[in-house]
Amino acid sequence: MGIPGLWPLVESTAQVMSFADLCVIEGFIQQTRSTGTIIIGVDAGLWMAQSQSVFHKPQHSQMGQNPELRVLFYKLGALNQVGCQALFVFDGPERPSVKRNKQVKAKPHWLVKEFTQLIELFGFHHHTAPGEADAELAYLNRFGHIDAILSDDSDVTLFGGGRIIRRFNRDEITVYTAVALETGMGLTQGGLLLIALFSGGDYNPGGIIGCGIKTAYALARCGFGDALLASCRNDSVEDLRHFLVEWRKQVRTELRTNSRGYLTTKQPRLASLIPDSFPNVKTLKLYACPVTSWSPGFAIPPAATWVVQMPDVQGLAAFCTQKFGWSAVDLRNKYRRIVFPGAFLRRLTLASSFCTPKH
Numbered sequence: 398m399g400i401p402g403l404w405p406l407v408e409s410t411a412q413v414m415s416f417a418d419l420c421v422i423e424g425f426i427q428q429t430r431s432t433g434t435i436i437i438g439v440d441a442g443l444w445m446a447q448s449q450s451v452f453h454k455p456q457h458s459q460m461g462q463n464p465e466l467r468v469l470f471y472k473l474g475a476l477n478q479v480g481c482q483a484l485f486v487f488d489g490p491e492r493p494s495v496k497r498n499k500q501v502k503a504k505p506h507w508l509v510k511e512f513t514q515l516i517e518l519f520g521f522h523h524h525t526a527p528g529e530a531d532a533e534l535a536y537l538n539r540f541g542h543i544d545a546i547l548s549d550d551s552d553v554t555l556f557g558g559g560r561i562i563r564r565f566n567r568d569e570i571t572v573y574t575a576v577a578l579e580t581g582m583g584l585t586q587g588g589l590l591l592i593a594l595f596s597g598g599d600y601n602p603g604g605i606i607g608c609g610i611k612t613a614y615a616l617a618r619c620g621f622g623d624a625l626l627a628s629c630r631n632d633s634v635e636d637l638r639h640f641l642v643e644w645r646k647q648v649r650t651e652l653r654t655n656s657r658g659y660l661t662t663k664q665p666r667l668a669s670l671i672p673d674s675f676p677n678v679k680t681l682k683l684y685a686c687p688v689t690s691w692s693p694g695f696a697i698p699p700a701a702t703w704v705v706q707m708p709d710v711q712g713l714a715a716f717c718t719q720k721f722g723w724s725a726v727d728l729r730n731k732y733r734r735i736v737f738p739g740a741f742l743r744r745l746t747l748a749s750s751f752c753t754p755k756h
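Written out as structure tokens, the structure reads:
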């Protein structure tokens, strides 16, 4: 979920475009990666949750074989049709145990095994993060291993994702970038951190009582978030605690005086509601220093293996026959609409980059 209300706040920075055009222009024409396409990172857990939310339990028995898995087939098919390469990232064992005041299930999702099979059959790749998938995706994007993140979770921006794709509707997508957020709204990663802390996020759903997202954004524009992020990353825990004492004083003073003019009005009452324990250092670390493959003790992901591959058309047909009960006629129709157009684009991609097809 991320920060409630963030997407509407930053909507003015968004760019609407064709997904296929993005893949063809950057991947095939500009040869950004010299592979003929671009790599899109996807939060696998979010897709599995979305596939379940489509069906209400009372109607579940009337939806045919494996309806959730079937939704994932169609979502993969849509991604296949735009001509991109995709990397699906799954949550790992080191993700935070509590989110939104709810215990996170440690047991792997029941769809994982078959979903990873489908991912591979479509010629895409998957990777399990040490911690949260959205943090891993942000770091993969930051270090250039993927070109964009397909997600509705605004935490990918907070974790430092550079380009986020939302609202994948047929071929139309809405794209947000860190550059546009900073140049268009003066909103940096530190500013996003401050907004999450004050208005509420996954690790602190309550935020500061009485602080809405617009007030949090005004404080972010004052630079308080940038200073906080820098201290959290560079200082020892003891030095961070000392820093927070003065930092709280400055934030309270700004709320009382509005000396920089970003607030719509002075807010002395809100200043008095900021406790001396704010922000919680553990919560701050979860946002600013998430567990990823770049954290001490973990291996850097094998990005060199995420090459362009052809879909396994025979294996995919066998899978769909077994899991969905589709007939030869069903398969022919779905392949014509969903599988073959993407396979053709993939073949062109392989030819343009002098790659050898896997299948």
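Going from the sequence shown to this note's numbering is simple: count from 1 and add 397. C-beta: ideal position from N, C-alpha, C; glycine also. All values reported here derive from a predicted model rather than from experimental measurement.
Best match in the options for proximity to residue i [C-alpha to C-alpha]
| i | options | result |
| --- | --- | --- |
| Val-704 | Ala-725, Leu-515 and Gln-482 | Gln-482 |
| Val-688 | Gly-474, Asp-488, Gly-603 and Ile-436 | Asp-488 |
| Asn-477 | Ile-562, Cys-420, Asn-538 and Asp-531 | Cys-420 |
| Phe-695 | Pro-490, Arg-567 and Gly-480 | Pro-490 |
| Gly-658 | Leu-683, Leu-616 and Leu-625 | Leu-616 |
| Arg-497 | Gly-541, Leu-594, Trp-691 and Val-407 | Leu-594 |
| Ala-627 | Ala-475, Arg-653, Gly-588 and Pro-665 | Gly-588 |
| Thr-410 | Thr-680, Leu-584 and Leu-590 | Leu-584 |
| Tyr-732 | Tyr-471, Ser-633, Tyr-573 and Pro-672 | Tyr-471 |
| Ser-669 | Asn-677, Lys-682 and Lys-646 | Lys-646 |
| Leu-625 | Phe-565, Leu-641 and Ile-422 | Leu-641 |
| Glu-579 | Arg-560, Asn-566, Arg-567 and Asp-568 | Arg-560 |
| Gly-402 | Ala-526, Gly-609 and Ala-740 | Gly-609 |
| His-542 | Ser-724, Leu-484 and Gln-711 | Leu-484 |
| Cys-629 | Asn-601, Lys-679 and Leu-652 | Lys-679 |
| Gln-447 | Tyr-600, Pro-464, Ser-431 and Phe-556 | Pro-464 |
| Asp-632 | Lys-682, Asn-601, Arg-653 and Thr-525 | Lys-682 |
| Leu-466 | Tyr-573, Phe-621, Leu-515 and Ala-475 | Leu-515 |
| Trp-404 | Gly-528, Thr-662 and Asp-549 | Asp-549 |
| Gly-620 | Leu-591, Gly-603, His-523 and Val-407 | Leu-591 |
| Val-576 | Leu-443, Phe-540 and Gln-586 | Gln-586 |
| Trp-644 | Asp-673, His-522, Asn-655 and Thr-654 | Asp-673 |
| Ser-415 | Arg-653, Glu-569, Ala-700 and Leu-555 | Glu-569 |
| Ser-354 | Ile-426, Pro-602 and Pro-527 | The chain is shown from 398 up to 756; residue 354 falls before or after that span and cannot be answered. |
| Leu-443 | Val-468, Gly-424, Glu-423 and Tyr-600 | Val-468 |
| Pro-676 | Ile-546, Gly-622, Met-398 and Phe-556 | Gly-622 |
| Asp-552 | Gly-433, Trp-723, Pro-602 and Ala-475 | Pro-602 |
| Asn-566 | Val-407, Leu-660, Pro-698 and Gly-474 | Gly-474 |
| Glu-529 | Ser-596, Met-398, Ser-450 and Asn-730 | Met-398 |
| Phe-521 | Ala-725, Asp-727, Ala-700 and Ala-748 | Ala-700 |
Collapsed DSSP secondary structure at residue i in the structure displayed
| i | result |
| --- | --- |
| Ala-696 | coil |
| Phe-741 | helix |
| Lys-611 | helix |
| Arg-563 | strand |
| Cys-752 | Confidence is the limiting factor: at Cys-752 the pLDDT is only 48, short of 50, which leaves the residue's position unreliable and the question unanswerable from this model. |
| Trp-703 | coil |
| Phe-487 | strand |
| Thr-746 | helix |
| Ala-545 | strand |
| Gln-482 | strand |
| Val-495 | strand |
| Ile-400 | coil |
| Val-736 | helix |
CB contact check: residue i to chain D, cutoff 8 Å
| i | result |
| --- | --- |
| Gly-609 | Protein chain content of the structure displayed is limited to a single chain, and chain D is not contained in it. |
Nearest-angstrom beta carbon gap, residue j and residue i [assumed within contact, 8 Å]
| i | j | result |
| --- | --- | --- |
| Gly-779 | Leu-667 | A question about residue 779 goes unanswered here, because the residues of the chain that appear run from 398 up to 756. |
| Leu-713 | Phe-519 | 7 Å |
| Ile-435 | Asp-544 | 4 Å |
| Thr-746 | Gln-664 | Wrong, their Cβ atoms sit about 54 Å apart, outside the cutoff. |
| Leu-744 | Met-707 | The residue you asked about is not Leu; residue 744 is Arg in the sequence shown. Contact holds; Cβ gap of about 7 Å. |
| His-506 | Met-445 | 5 Å |
| Ser-494 | Val-486 | Incorrect: roughly 19 Å between the Cβ atoms, too far for contact. |
| Ile-400 | Leu-547 | With 8 Å as the limit, Ile-400 and Leu-547 do not qualify as a contact, their Cβ atoms being about 18 Å apart. |
| Tyr-600 | Leu-406 | In fact, because the Cβ distance is near 19 Å, the residues do not count as touching under 8 Å. |
Unbroken alpha helix (DSSP H) runs of length 4 or more, entirely within the region 570 to 606: which are they?
575 to 582 and 586 to 596, all fully within the region 570 to 606.
Whole alpha helix (DSSP H) elements within the region 402 to 451, 4-residue minimum:
Listed in chain order, the complete alpha helix (DSSP H) runs (minimum 4 residues) inside the region 402 to 451 are 403 to 406, 416 to 419 and 441 to 450.
Is there contact here, the region 712 to 719 with the region 630 to 650, by at least three beta-carbon pairs under 8 Å?
The region 712 to 719, when compared against the region 630 to 650, does not touch it at the 8 Å Cβ threshold.
Segment contact, 8 Å Cβ cut-off, at least three pairs: the region 676 to 694 with the region 529 to 538:
yes
So within the region 627 to 697, which uninterrupted alpha helix (DSSP H) runs reach at least 4 residues, ignoring any that extend past its ends?
634 to 654, 665 to 669 and 678 to 685
Counting beta carbon pairs with one atom in the region 400 to 415 and one in the region 427 to 443, are three or more of them shorter than 8 Å?
no
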